[in-house]
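Each step along the sequence shown adds one to the number in my numbering, with nothing skipped, and position 39 is 62. The C-beta atom is built at its ideal place from N, Cα and C for all residues, glycine as well. Here is the structure we will look at.
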Amino acid sequence: MTRKEIFNPELWDAVPGFDFEDITYHRAKDQGTVRIAINRPDCLNAFRPKTVDELFTALDHARQWSDVGCVLLTGNGPSEKGQWSFSSGGDQRIRGKDGYKYEGEEAGKADVAAWDACTFLKCNA
Numbered sequence: 024m025t026r027k028e029i030f031n032p033e034l035w036d037a038v039p040g041f042d043f044e045d046i047t048y049h050r051a052k053d054q055g056t057v058r059i060a061i062n063r064p065d066c067l068n069a070f071r072p073k074t075v076d077e078l079f080t081a082l083d084h085a086r087q088w089s090d091v092g093c094v095l096l097t098g099n100g101p102s103e104k105g106q107w108s109f110s111s112g113g114d115q116r117i118r119g120k121d122g123y124k125y126e127g128e129e130a131g132k133a134d135v136a137a138w139d140a141c142t143f144l145k146c147n148a
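Laid out in structure tokens, this is it:
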């Protein structure tokens, strides 16, 4: 399977105004669908605190578009070893005794209040 079989960039536009490191954020050219992909294939798209923050930002932005009816969550790949993964879970390399830790300058920047305001809606098919 090739990357283009899974994600054809000709059908999507990058959503402007975001400088994500751990995810990619695209909107379909012909329909109300956004694609949010974890972009850490070399660690099988494992989450770290920065990944979660970026996912929250993209999801919060997508919910504000009245013409978006579908959010596609996926993982980019393959890794350099040819492996594919949606996500292997939390990145254990950065897990401390007290849980997951922000690295470097990001330490202490978590906006916990923003998560409290997050509302997940059930979509009816």
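- Between the segment 94-104 and the segment 56-64 there are three or more inter-stretch CB-CB distances shorter than 8 Å, so the stretches are counted as touching.
- For H49, the beta-bridge partners assigned by DSSP are A37, R58.
- About 6 Å separates the beta carbon of I59 from that of V94, a gap short enough to meet the 8 Å contact definition.
- Beta-bridge partners of F70 (DSSP): G113.
- Residue environment for N31: exposed (fewer than 16 other C-beta atoms within 10 angstroms of its C-beta).
- In the DSSP annotation of this structure, the continuous segment of the beta strand (DSSP E) that includes G98 starts and ends at 93-98.
- In chain order, W88, D90, V91, G92, C93 place their CB closer than 8 Å to the CB of G55, counting only its own chain and leaving out the 5 sequence neighbours on each side.
- Of D121, K120, Q115, the smallest CA-CA separation from R71 is found for Q115.
- Between D53 and D36, the alpha-carbon positions lie close to 10 Å from each other.
- Only residues of its own chain outside the window of five on either side were considered, and among them none has a CB closer than 6 Å to the CB of V75.
- In its chain, beyond the 5 residues on either side, D36, V38, V57 have a beta carbon closer than 6 Å to the beta carbon of R50.
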